[in-house]
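This report refers to the structure that appears directly beneath it.
Residue numbers (this note's numbering): 3 to 160.
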């Protein structure tokens, strides 16, 4: 009987220790909770920012804009998805193009005309400044009521 009592006493003390450890590590738990909440809030902020305050972008346009600081499209570029998305966007802006994913002479002329209209350096190269302007236009083109975007939400087909 003495052994059974000892086991029960040990079980109670081990439960007491784990509870004490749990309560003793409140600072660690609080730090962890703050970290988790900050991480969740940051993720929500970035998600909302990537949607540009409700703007629904096509997946390809979103991908192209994510890499806008390093993505450069010029004549002969082999970035067919982003080139097709750019061509689709330019057709929506009134520049008649064949959406084929190839950055050729017509795309070059359309980009240069678009850059000129936007008061950018009209060199026909789609770099960070042009992508930033396209992103701004996508933000402006969204319908605040529905969140739909007639310029940037539809996927280019080629």
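Beta carbons are placed, not taken as given, at the ideal position from N, Cα and C, and that holds for glycine. Predicted model only: the values in this text are computed from it and were never measured.
Residue i, enclosing alpha helix (DSSP H) - first and last residue
i           : result
residue 142 : 130-142
residue 124 : First-last for residue 124: undefined, no H or E at that position.
residue 81  : Note, residue 81: premise wrong, no alpha helix (DSSP H); not H, not E.
residue 67  : 61-68
Rounded straight-line distance, which links the Cα of residue j to that of residue i
i           : j           : result
residue 140 : residue 154 : 6 Å
residue 107 : residue 67  : 23 Å
residue 119 : residue 29  : 58 Å
residue 79  : residue 135 : 20 Å
residue 125 : residue 65  : 23 Å
residue 60  : residue 70  : 15 Å
residue 137 : residue 95  : 13 Å
Close Cβ partners of residue i (< 7 Å) along its chain, the five nearest in sequence each way excluded
i           : result
residue 132 : 117 and 122
residue 88  : 75 and 128
residue 105 : 75, 76, 77, 78, 79 and 85
Counterpart residues of residue i in DSSP-defined beta bridges
i          : result
residue 73 : Answer is none; residue 73 lacks a bridge partner.
Neighbourhood of residue i by C-beta distance below 6 Å, restricted to the same chain and skipping five residues each side
i           : result
residue 83  : 62
residue 129 : 74
residue 103 : 82, 85, 86 and 160
residue 127 : 76
residue 72  : none
Cβ-based burial, residue i [other Cβ within 10 Å; buried from 16]
i           : result
residue 142 : exposed
residue 100 : exposed
residue 111 : exposed
Residues near residue i in its chain [Cβ-Cβ closer than 8 Å; skip 5 each side]
i          : result
residue 97 : 112, 115 and 116
residue 1  : Absent from the model: residue 1. The displayed extent of the chain is 3 to 160, so no value can be given.
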